[in-house]
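S.K.: Going down the list, the sequences are from chains A and B.
No gaps in the numbering here: position 368 of the first sequence is 368 in my numbering, and each next residue is one more.
No gaps in the numbering here: position 76 of the second sequence is 466 in my numbering, and each next residue is one more.
Glycine included, every Cβ here is placed at the ideal spot set by N, Cα and C.
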Amino acid sequence: MGKRVGMEVSIAAAEAVKQCNVDVISAYPITPQTHIVEKLSELVANGELDAEFFCVESEHSALSVCVGAAAAGARAFTCTSSQGLALMSEITFIASGLRLPMLMILANRTLSAPLSIWNDHSDAMMIRDCGWIQFFVENGQEVYDHVFISYRLGEDPSVLFPVIINMDGFILSHVIEPIELIEQEKIDQFLPPYQPLYRLHPDRPITMGAYALPSIFMETKKAQEVALRSSIPKILETWKAFGEMTGRYYSPVETYKAEDAETLLVTMGSFGETASVAVDRMRKEGRAVGLVKIRLWRPFPFEAFKRATLHAKQLVVIDRAISVGACGPVASEIKAALYGEPVRPSIYNFVAGISGRDVAPSDFIKMVDKAEVEIEEGNREGFELYGVRE
Amino acid sequence: MTETLNVFAVRTLTQKEYFAPGHRSCQGCGEALAVRLVLKALGRNVIIANATGCMEIVSSPLPFTSWRVPWIHVAFENTAAVASGIEAALKVLMRKGRIPKKKIVTLAMAGDGGTADIGIQALSGALERGHDFIYVCTDNEAYMNTGIQRSSSTPFGASTTTSPAGRMKMGQITWKKNMAAIAAAHNIPYVATACPSYPIDLVQKVRKAAEIPGPAYIHILSVCPTGWRSAPELSIKLGRLAVETGIFPLYEVEYGRYHLSIDFPKLKPVKEYIKLQGRFRHLTDEMIEEIQDRTQREYEILRERMKRGF
């Protein structure tokens with residue numbers, strides 16, 4: 001058992017990055033990501049981490065530096081939020097197209113306008129289709145653990161994808177939680193130094209980032225698509241290996257009191273812990289309510305999600321972002337995932353807690369109440385923004 | 391004329407080609423020639439980060455490549471940042487003993503659009519951070535790859551598809567951005583201008599840039615017959631005329647000290663340079679006179695700087 005220490009989640013994240021012995025760090029400060037880069041700067045300045053650290057002039061360059069570094073065979077790290085991600089979004093698509101492993105921690109924050117530093121998932125949803133492996137974690141321990149998991153996974157020669165860990169800004173990034181740290185010897189075994197299949201080096205010249213005409217573009221895109229989809233077994237394997245090392249086992253979709261539930265709450269990120277409190281309260285009242293938490297967002301775990309939800313009568317999907325003019329992005333994903341099933345649950349979608357609006361256990365209960373009534377009355381595909389003052 | 395500007399000494403260069411023949415550049419492309427010479431100057435121990443643009447498009451149609459050295463293209467505006475990452479990776483991986491220690495030059499290459507316009511922020515950042523790399527801007531004075539649109543490096547008066555000569559406007563109405571001066575303002579160890587019409591001078595500057603630790607910036611005028619509406623066989627001559635008229639003086643700024651690579655007691659009239667190019671065809675004598683005056687004035691400033699040494 002590792003040492004259990006109370007620490008800010010951002011600091012724990014930085015400690016994990018240090019334990020991965022990363023080679024190149026490149027970032028630009030943006031709230032609420034700042035504590036991670038501040039801590040990493042400190043670790044490098046004190047000689048606790050031997051890495052090249054660059055505070056670059058923009059997020060666009062932050063990710064570009066990581067791309068160059070990863071192409072030359074280094075283990076690279078960046079982190080950002082919101083507008084910063086928007087600025088680097090161009091390069092997110094290129095990093096995955098070039099199949100360069102690296103890690104980005106995204107301290108999720110609202111996209112402007114209006115400007116807001118608080119938390120929601122609108123930044124993550126903007127780059128939903130960028131081709132990275134994307135996790136949404138629920139607490140500080142998961143952030144810490146997934147740093148190791150992400151590097152080992154992304155650098156696997158059968159995977160070779162960059163990875164994003166989404167953690168809710170402030171709600172996770174700025175809170176102090178008990179974190180069970182892992183001994184360095186264990187990490188060194190779990191995560192050996194990065195051995196790239198290909199790297200930019202004069203001894204074996206290669207061309208990276210060639211352009212493709214229509215006659216060959218689709219083939220390259222299909223190769224990428226097949227590779228990302230096929231990474232699911234490797235993701236499961238990596239989680240299993242991690243579980244064997246630490247006793248903490250993760251899965252693409254986690255359930256809580258869901259087996260016999262008629263109504264299932266569906267959440268992503270830090271909503272999960274609050275929703276589980278709400279589930280406990282409702283269970284006490286004898287209501288058959290459970291919880292399904294999506295941890296793996298891309299590649300989307302269709303099979304695991306179906307296994308976890310198809311028995312339910314209704315799903316109450318809580319999105320922390322809105323696709324303006326449509327509905328919550330998680331809900332639309334789920335509707336698409338279940339559409340082909342002969343018998344499928346009704347799906348009621350709430351968009352809640354955007355821009356950091358607090359969502360308490362009682363709010364989850366209210367949403368379940370509302371959804372159950374609406375569905376009973378025949379509104380099987382409802383969508384609304386929860387908690388708006390009118 | 392000094393020995394380094396002697397065109398015949400080009401035979402002393404290596405016969406090895408690192409930028410392979412068979413690429414798809416236009417006839418008479420000054421940029422392809424510049425890149426070929428830059429690579430001859432550096433040899434095999436180099437890694438290139440190339441911006442989107444002509445050079446990227448003519449050299450890398452999947453699954454082919456013209457590059458016999460490691461090469462990466464990521465995007466348009468971030469070449470200096472990608473090169474920063476490569477340089478950092480080489481440094482740290484050698485320090486940690488994960489790759490053998492040896493001198494590998496990191497070379498960033500971009501056109502004038504990728505440098506003076508969209509890439510200037512990333513370039514400024516990389517120069518300020520002090521990475522040990524060479525940045526080469528191959529300046530053909532417009533967005534040639536997308537079809538001859540004006541950039542901030544397009545000279546006054548030039549007609550492009552977005553600064554066309556019309557009844558109200560006589561082509562580009564702004565003066566060329568002075569990128570070499572902007573690079574020099576970062577107080578980096580080495581800045582130079584070059585032109586493939588002076589191949590030995592170009593090669594020596596690239597070698598010097600590689601030897602000097604820290605960032606180096608080389609601005610290379612690259613004649614573009616397609617965009618300049620000039621005869622392909624005149625590319626070398628046009629490059630020479632650009633220098634001889636003072637339109638594009640060859641100089642170095644080494645640790646802040648200016649040095650003219652070639653100084654002409656009397657400059658040729660700019661008209662000799664202008665009259666060979668269709669992009670200037672519409673210019674009136676008054677406009678040519680204006681260009682002549684400004685060219686002379688700027689050349690004098692450069693000469694004074696050289697005398698002063700800074």
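What's the call for D145/A, buried or exposed, on a 16-neighbour Cβ count within 10 Å?
M.R.: If you draw a 10 Å sphere on the C-beta of D145/A, you find 16 or more other C-beta atoms in it, and that means buried.
S.K.: Establish whether the CB of Y250/A and some CB of chain B are separated by less than 7 Å.
M.R.: no
S.K.: Name, please, each residue of chain B whose Cβ falls closer than 9 Å to the Cβ of L213/A.
M.R.: P451 and L452
S.K.: Taking Cβ positions only, does G209/A come closer than 7 Å to chain B?
M.R.: yes
S.K.: With a threshold of 16 other CB atoms inside 10 Å of the CB of Q19/A, please say whether the residue is buried or exposed.
M.R.: Buried is the call here.
S.K.: Which one of E237/A, A16/A, C130/A and L115/A has the shortest CA to CA distance from P162/A?
M.R.: C130/A
S.K.: Name the one or two DSSP bridge partners that M104/A has.
M.R.: T78/A and I164/A
S.K.: Between T714/B and chain A, is there a C-beta pair that is closer than 7 Å?
M.R.: Because chain B spans 391 through 700 in this model, residue 714/B falls outside it and cannot be assessed.
S.K.: Would DSSP call G6/A helix, strand or coil?
M.R.: strand
S.K.: Quick one: Cα of L43/A to Cα of C327/A, how far?
M.R.: 43 Å
S.K.: Less than 7 Å between CB atoms is the rule here; does I476/B satisfy it with respect to chain A?
M.R.: yes
S.K.: Please tell me whether L497/B has its Cβ less than 7 Å away from any Cβ of chain A.
M.R.: no
S.K.: For G636/B, would you say it is in contact with chain A, using Cβ-to-Cβ distances shorter than 7 Å as the test?
M.R.: no
S.K.: By DSSP's criteria, K293/A is part of a beta bridge. Which residues make up the other side?
M.R.: E254/A and T267/A
S.K.: If S158/A and K221/A are in contact, beta carbons under 8 Å, what's the gap, nearest whole angstrom?
M.R.: Taking C-beta atoms under 8 Å as the contact rule, S158/A and K221/A fail to qualify, at a distance of about 19 Å.
S.K.: Scan the region 496 to 515 of chain B for residues whose Cβ lies nearer than 8 Å to a Cβ of chain A and list them as they occur along the chain.
M.R.: Hits within the stretch, in order: Q511, A512, S514 and G515.
S.K.: Could you give the C-beta distance for A258/A and A308/A, rounded to a whole number, given that I count them as a contact under 8 Å?
M.R.: 6 Å
S.K.: Measuring CB to CB, does V593/B end up less than 7 Å from L427/B?
M.R.: Result yes, Cβ atoms of V593/B and L427/B sit closer than 7 Å.
S.K.: So what does DSSP say about A500/B, is it helix, strand or coil?
M.R.: Residue state, collapsed to three classes: strand.
S.K.: Figure out for me which residue from L640/B, Y408/B, G418/B and M677/B has the closest Cα to the Cα of I437/B.
M.R.: Y408/B
S.K.: What three-state label does DSSP hand M534/B in the structure shown?
M.R.: coil
S.K.: For I578/B and Y641/B, what's the separation of their Cα atoms in angstroms?
M.R.: 15 Å
S.K.: Select from N435/B, I652/B, S415/B and Q562/B the residue whose C-alpha is nearest the C-alpha of T616/B.
M.R.: S415/B
S.K.: Between A422/B and the rest of its own chain, which residues show a CB-CB distance below 8 Å, the 5 nearest in sequence each way excluded?
M.R.: F409, H413, S415, M445 and V448
S.K.: Pairing CB atoms from the region 170 to 178 of chain A with CB atoms from the region 38 to 58 of chain A, are three or more of them under 8 Å?
M.R.: no
S.K.: For the beta strand (DSSP E) holding W132/A, just list the boundary residues, first then last.
M.R.: Counting along the chain, W132/A falls outside any beta strand (DSSP E), and DSSP gives it neither H nor E.
S.K.: Could you tell me which whole beta strand (DSSP E) segments of length 3 or greater appear in the region 438 to 468 of chain B?
M.R.: As far as the region 438 to 468 of chain B is concerned, its whole beta strand (DSSP E) runs of at least 3 residues are 461 to 463.
S.K.: Within 10 angstroms of the Cβ of S112/A, are there 16 or more other Cβ atoms? Answer buried if so, exposed if not.
M.R.: exposed
S.K.: Going by C-alpha distance, which of G475/B, G515/B and P605/B is nearest E57/A?
M.R.: G515/B
S.K.: Look up A321/A in the DSSP assignment and say whether it is helix, strand or coil.
M.R.: Looking at A321/A - three-state DSSP - the assignment turns out to be coil, as it is neither helix nor strand.
S.K.: What is the residue span of the alpha helix (DSSP H) that E374/A lies within?
M.R.: Note, E374/A: alpha helix (DSSP H), P361 to E376.
S.K.: Please identify the residue among L624/B, R540/B, S587/B and L673/B whose C-alpha is closest to the C-alpha of I652/B.
M.R.: S587/B
S.K.: Taking 6 Å as the limit between beta carbons, can you name the residues of its chain near F77/A, skipping five residues before and five after?
M.R.: For F77/A, where only same-chain residues beyond five positions count, the Cβ hits under 6 Å are V17, V22, I25 and L103.
S.K.: Would you please state the rounded distance, in angstroms, between the beta carbons of S251/A and A304/A? I believe it to be under 8 Å.
M.R.: 7 Å
S.K.: Does any C-beta atom of chain B lie closer than 7 Å to the C-beta of S61/A?
M.R.: yes
S.K.: Counting beta carbon pairs with one atom in the region 204 to 214 of chain A and one in the region 253 to 269 of chain A, are three or more of them shorter than 8 Å?
M.R.: They do not touch, by the three-pair rule.
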